[in-house]
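The structure under discussion appears below in the form of structure tokens.
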Amino acid sequence: ILNVEQSPQSLHVQEGDSTNFTCSFPSSNFYALHWYRWETAKSPEALFVMTLNGDEKKKGRISATLNTKEGYSYLYIKGSQPEDSATYLCASNTGGFKTIFGAGTRLFVKA
Amino acid sequence: DVKVTQSSRYLVKRTGEKVFLECVQDMDHENMFWYRQDPGLGLRLIYFSYDVKMKEKGDIPEGYSVSREKKERFSLILESASTNQTSMYLCASSLSRSYEQYFGPGTRLTVT
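If you're matching them up, the sequences are chains A and B in order.
Mapping of the first sequence onto my numbering: residues 1 to 111, in sequence order.
Mapping of the second sequence onto my numbering: residues 1001 to 1112, in sequence order.
Set out below in structure tokens:
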């Protein structure tokens, strides 16, 4: 079983702060890396799917980078807002049916 | 809009009961998944299905079974519920095996 590690486990920031989290995954047999946002009482929603080394994706104030050679991805949030409060999950897939999820980073943004 | 629904948001069952969790997707996806989520752990795969009547064990299949009689519906069955099956259960579907997954809202199951 692959191990996908996320850090930090939780994070408290003030509105307007920029923040970032890390996802580490085994670099062997890599196929795709997924980021999801999971708000309380809602379903996890896909943010990004990344496949190429050096990939960088952006959606509004959120962006992500991927390093497949060393096995890590960063998720950045610029100018955090209270509505960004959620758990951010990353997940690694080796091309098969199984996608291995990390435990998530829980972000709290205080107004 | 893509949609995955689950039959219950909250469920309380007694030890030894047979429990059915239903999941329906309206996206014509081939692949469907059942996960459980426990504090401090990532989503763990219980079972998945890549076609009607096809099923494969995930990482923690013990104590569970599944059924996929129609493409849009994937059921998780706890044959005899136990307290260690108290958890949040999430269903998901995807177009292709490594594509993004679409999740249902989850069922929080408590077994007493």
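Backbone N, C-alpha and C fix where the C-beta goes; we use that ideal spot for every residue, glycine too.
Predicted, not measured: the structure shown is a model, and the values here were computed from it.
Distance from the CA of PRO1061(B) to the CA of ILE1046(B), rounded to the nearest whole angstrom, comes to 5 Å.
Counting the other CB atoms within 10 Å of its CB gives MET50(A) a total of 16 or more, which places it among the buried residues.
Distance from the Cα of SER1087(B) is smallest, within the candidate group VAL1012(B), SER1007(B), THR1005(B) and LYS1003(B), for VAL1012(B). At least one CB of chain A lies nearer than 7 Å to the CB of LEU1043(B).
Contact annotation: the stretch 84 to 96 of chain A touches the stretch 28 to 46 of chain A, with at least three C-beta pairs closer than 8 Å. Taking THR1005(B) as reference, the option from ARG1044(B), ASN1084(B), GLU1069(B) and TRP1034(B) with the minimal CA-CA separation is TRP1034(B). Between GLY1040(B) and chain A, the shortest Cβ-Cβ separation is below 7 Å. Judged by beta-carbon spacing, PHE25(A) lies beyond the 7 Å limit of GLY95(A), meaning their Cβ atoms are not closer than that value.
Any Cβ of chain A closer than 7 Å to the Cβ of GLU1100(B) would place that residue at the interface, and such an atom is present.
Contact note: LYS98(A) reaches chain B through LEU1045, PHE1048, GLY1058 and ASP1059, using a C-beta cutoff of 8 Å and chain order. Listed by position along chain B, the residues whose Cβ is nearer than 8 Å to that of LYS42(A) are PRO1105.
Taking 7 Å as the cut-off between beta carbons, the residues of the stretch 16 to 34 of chain A near chain B are TYR31, ALA32 and HIS34, in sequence order.
Counting of Cβ neighbours within 10 angstroms places LEU1021(B) among the buried residues, the total reaching 16 or more. A Cβ-Cβ contact shorter than 7 Å links SER18(A) with LYS78(A). Going by beta carbons, SER1049(B) and MET1027(B) fall outside the 7 Å limit. Counting along the chain, the unbroken beta strand (DSSP E) around GLU56(A) starts and ends at 56 to 59. Our two residues, ASN29(A) and GLU39(A), have alpha carbons roughly 31 Å apart in a direct line.
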